[in-house]
Amino acid sequence: MNSQIFHPFVLPFVLGMAFVLTYCVVGLLRVIGQLPKDDRKQFWRSLVTPKTAWANIRDLVGDCLFHVKIWKRNPVLGYMHTAIAFGWFMIIVIGHVMLFTLRPLEGVEVQGIERMLPNFYYPIFFKYFAEETPIFAVLMDFFLLMIISGILIAVVKKIHSKIVGVKRIMHFGFADNMIRFALWTIFPFRLIAEKSNIMAFWWLYSIDLMVFMFMLPFTRYMHIPTEALFILLRHAGLKPREPRKGYALAQIYSCPSCGLCIDACPMSVNDKNSGNTSAYFMKRLRNGDREEAQRIAETCMQCGKCVAVCPVSIESCDIKMSQREAVPYTINSNHSYLDAYYPSETSNAPVLYFAGCMTQLTPKIMRAMKKIMEAAGEKYEFMDKDGGVCCGRPMLLSGKTAEAQAMMAKNTELIKQSGAKRLVLSCPICYKVFKEEYQLEGVEILHHTQYIDELVKKGKLKVNKNEVNYVYHDPCELGRAFGVYDEPREVIESIGNLCKAKSEKELSICCGGSLGSFNLTQQERDEITTISVNDLMFNNPDEIVTACPLCLKTFARKSPVAVKDIAEVVADQLK
Amino acid sequence: MDFGFCLSPSSHVKMDSVDLTTFNRLKETNPDINTCIACGSCTATCTAGHFTEMSFRRILLMLQRGKEDEAKKMIQRCMLCGKCTLVCPRGINIRKILLDITR
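So the sequence lines, in the order shown, correspond to chains A and B.
Residue 305 in the working numbering is what sits at position 305 of the first sequence, and the numbering runs on without skipping anything.
Residue 1042 in the working numbering is what sits at position 42 of the second sequence, and the numbering runs on without skipping anything.
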């Protein structure tokens, strides 16, 4: 114990801390200031609404402190991150607790401003200035060793990532590599300084902290303070409006560049394309590399798997969409010809069936749906029997929101005019846009998997059970987007045996045909289709069943077994 | 050839003097258009083609003849639904090409 309350080696740390705190306060004001007025109001309201407030507390503790989502994804990485982040948090907390128990300082006469001074750095350099109480000393050493064990795993991950179950890791630039080196050395320096009390190590420890703090805002470690803000904004239910402002900015800085999305992304099957994954997209946006960000945004298939595996729940697909909107194509659409279109012979049936463009290309699904609805004795009207208008999602995907409105307005008019109470869709692409963008009060929107499941459960549809082994592929826009996982599986179980794919539900692999991507070539798409099919063939099923006409067409190119739509297999098994 | 006796203006395209900048740029960014066999599958399935004269095959032809304005006018009808890309037997990324023409 040194009977003094100040030593110059604390200065680098104090400077660094002051810089980071100032930067965070300014950044916070900037993000909130950039939110559109309505969003800001919604944000304030969410902070005092009990439901969102509870969700905030739950996620702040669960995600920021215990990193539950990383544990779920990969326990080794979960331990690595918790050891470093939670361990560090704990030694800071224990430092403060010890400072509290220490007062008043023994043997040191201090007054006025000097009395306040230790608050700023004592908890960080405690051992130098004061004696630790035995129980706290044990705890401190425990957490410090825990951090160092985490760092050891991090070093292993950097050298040979496959040991910890990660195939591809992010490649960083100079700044990120340097701050990582600073982070890795902080704690060994502290341990040596505490045990040997050599001045040089106290200096090194403090300078390391300063380097870390000064670089933090410009590197991926900015996720430490930003994630807390992001959780609050996310629970307020906001949507990113601009690719690099307000809510999106909070998301960009919250991305820890952990790279978990790189292995998850179907495009990574091709090494060249693993640089087009969300982690790199967020990095490009953060660095202000608009051109690259735009290119990646247009290459993305929007399958949403990166969002599903993200330990921070960053909505990278939404940000990519706002990036597409920010740089629009100058196609100057003119859809005025739609005004004069009205389908021939309509009836006022309670159920309206909209096949959509993709189902028009796979007429066997339409025929199967007709057969099913007739067998169930449903009164229905076929909305686009003579062609129909596109649902508008492909246009939205190109970032042209206003142009998509023309198609959406026409379809809305036709649906309202029909007086139908239920709208059945057999294409998940349409389903997503009808669910999210259309204003159809009083009309229930169903995907045909949900509709068939209901018909079977109500007993309207009698089906035979056969001995065929089916595997079900979750279409991205039905599964990950809306969580429709159980209905199709229950339908398949009623007509045959359902076997599992290697990756299912929210981890299912996009078929590769996605309309979301503009840049992928047919060859690159085929590579994705191949890994997706191999994944589905894991348990050697007799047939692949899907619920999306686009998946059906795409798989048919590469599948060794028959690929069918769920409507087809049901129609074949009708009693 | 125009001797001044026609009722309607000549539709003759002088290939030596047409401006092929857009088409050449397209060929560079999307080399797959070179593989087009003009089969017309894209046109046959086109959702917008159901209502209008929209036809990707004709758009390519227009560009090859330097009729860029006409091509751009036709593209305005497109709904970007992507059926053309799906049915193309040559795997040409038609939707991307349509967007690139106007970029």
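Glycine included, every Cβ here is placed at the ideal spot set by N, Cα and C.
Residue nearest to residue i in terms of C-alpha spacing, selected from the options
i, options, result
"PHE189/A", "LEU145/A, GLU131/A, LYS162/A", "LEU145/A"
"TRP71/A", "VAL312/A, LYS416/A, THR401/A, ASN539/A", "VAL312/A"
"ALA137/A", "ILE94/A, ARG284/A, CYS511/A", "ILE94/A"
"ASP579/A", "LYS505/A, ASN469/A, CYS476/A", "There is no way to answer for residue 579/A, as the model of chain A reaches only from 1 to 575."
"GLY377/A", "MET395/A, VAL351/A, LYS364/A", "VAL351/A"
"LYS465/A", "ASP572/A, GLU477/A, PRO217/A, GLY78/A", "ASP572/A"
"CYS548/A", "TRP203/A, LYS364/A, PHE86/A", "LYS364/A"
"LYS553/A", "ASP1100/B, LEU1098/B, ASP1032/B, THR1085/B", "THR1085/B"
"LEU498/A", "ASN519/A, ASN469/A, PHE482/A", "ASN469/A"
"LYS575/A", "MET537/A, THR101/A, GLY516/A, ILE495/A", "ILE495/A"
"ASP176/A", "TYR205/A, ILE151/A, THR219/A", "THR219/A"
"SER322/A", "ALA18/A, LEU520/A, HIS335/A, ALA297/A", "ALA297/A"
"CYS28/A", "LEU77/A, ARG290/A, PRO217/A", "For the record, residue 28/A in the displayed sequence is Leu; it is not Cys. The option with the nearest alpha carbon to LEU28/A is PRO217/A."
"LYS127/A", "GLU194/A, LEU423/A, LEU396/A", "GLU194/A"
"VAL20/A", "TYR221/A, LYS460/A, LEU65/A", "TYR221/A"
"MET1062/B", "THR1047/B, GLU1028/B, VAL1013/B", "VAL1013/B"
"THR82/A", "LEU65/A, MET98/A, ILE91/A", "LEU65/A"
"ARG295/A", "VAL533/A, THR277/A, CYS476/A, LEU183/A", "THR277/A"
"ASP59/A", "ARG557/A, ALA228/A, LEU285/A, MET140/A", "ALA228/A"
"PHE6/A", "GLY246/A, ILE92/A, ASN119/A", "ASN119/A"
Beta-bridge partners of residue i, as assigned by DSSP
i, result
"LEU352/A", "GLU381/A, LEU423/A"
"TYR247/A", "According to DSSP, TYR247/A bridges with nothing at all."
"ASP565/A", "THR546/A"
"HIS447/A", "LEU425/A"
"CYS390/A", "Answer is none; CYS390/A lacks a bridge partner."
"HIS473/A", "THR546/A"
"CYS430/A", "Answer is none; CYS430/A lacks a bridge partner."
"ASN497/A", "ASN469/A"
"VAL463/A", "LEU574/A"
Contacts that residue i makes with chain A (C-beta to C-beta distance below 7 Å)
i, result
"LYS1083/B", "CYS357, LEU361"
"LYS1096/B", "PHE518, ASN519"
"ARG1091/B", "The amino acid occupying residue 1091/B in the given sequence is Gly; Arg does not appear at that position. Chain A residues near GLY1091/B: GLN522."
"ILE1075/B", "ILE331"
Within chain B, the residues that residue i reaches when beta carbons sit closer than 7 Å
i, result
"CYS390/A", "THR1047, MET1079, CYS1081"
"LYS619/A", "An answer regarding residue 619/A cannot be provided, because it is not within the stretch 1 to 575 covered by chain A."
"GLY304/A", "Per Cβ cutoff of 7 Å: no residues; GLY304/A is ~18 Å from chain B at best."
Cβ shell of residue i (< 7 Å), same chain only, five flanking positions each side left out
i, result
"MET1/A", "Note on MET1/A: pLDDT 44, under 50, position unreliable in the model; the coordinate value appears next. Within the same chain, MET1/A has close Cβ partners ALA130, GLU131."
"GLU524/A", "ASN270, ASN273"
"LEU11/A", "none"
"VAL484/A", "HIS447, THR449, GLN450, LEU478"
"ARG489/A", "TYR472, LEU498"
"MET395/A", "GLU403, ALA404, MET407"
Close Cβ partners of residue i (< 8 Å) along its chain, the five nearest in sequence each way excluded
i, result
"GLY288/A", "ARG244"
"MET282/A", "GLN251, ILE252, CYS255, SER257, ILE314, SER316, ILE319"
"MET169/A", "Checking the sequence shown, residue 169/A turns out to be Ile, not Met. Cβ neighbours of ILE169/A beyond the five flanking positions: LYS157, LYS158, SER161, GLY259, ILE262."
"ILE531/A", "PRO266, VAL269, ILE509"
"LYS460/A", "ALA376, GLY377, GLU378"
"THR133/A", "MET98, THR101"
Proximal residues of chain B, C-beta to C-beta of residue i below 8 Å
i, result
"TYR341/A", "PHE1051"
"LYS553/A", "LEU1086"
"GLY27/A", "Neighbours of GLY27/A on chain B: none; closest Cβ ~34 Å, over 8 Å."
Cβ neighbours of residue i in the same chain (closer than 6 Å, five flanking residues each side left out)
i, result
"LYS410/A", "LEU338, VAL389"
"LEU232/A", "ASN56"
"ALA562/A", "GLU543"
"VAL68/A", "GLY62"
"THR185/A", "ASP208"
"LEU425/A", "PHE354, TYR431, HIS447"
"MET373/A", "TYR380"
"PHE89/A", "none"
"TYR23/A", "PRO217"
"GLY1082/B", "ARG1095"
Interface residues of chain A facing residue i [CB-CB closer than 9 Å]
i, result
"ARG1103/B", "TYR329, THR330, ILE331"
Chain-ordered chain A contacts of residue i [CB-CB under 8 Å]
i, result
"VAL1087/B", "LEU361"
"LEU1099/B", "TYR329, ILE331, SER398, PHE518"
- [ ] Select from the stretch 324-337 of chain A all residues with a C-beta closer than 8 Å to any C-beta belonging to chain B, and list them in chain order.
- [x] Cβ contacts with chain B come from TYR329, THR330, ILE331, ASN332, SER333, ASN334, HIS335, TYR337.
Open item on the list: If the cut-off is 8 Å on Cβ atoms, which residues from the stretch 134-165 of chain A count as contacting chain B, listed in chain order?
Closed with: none
TODO: Could you please tell me which residues of the stretch 404-423 of chain A, in chain order, have their CB closer than 7 Å to any CB of chain B?
DONE: Close to chain B, meaning a Cβ-Cβ distance shorter than 7 Å, are the following residues of the stretch 404-423 of chain A: MET407.
Task: chain A contacts from the stretch 1018-1035 of chain B (Cβ-Cβ distance under 8 Å) - done: ASP1032
Open item on the list: Using a Cβ-Cβ cutoff of 7 Å, what residues of the stretch 392-403 of chain A are near chain B? List them in chain order.
Closed with: Of all residues in the stretch 392-403 of chain A, only PRO394, MET395, SER398 place a beta-carbon less than 7 Å from a beta-carbon of chain B.
Task: Residues from the stretch 493-517 of chain A in contact with chain B, defined by Cβ distance under 8 Å - done: GLY513, LEU515
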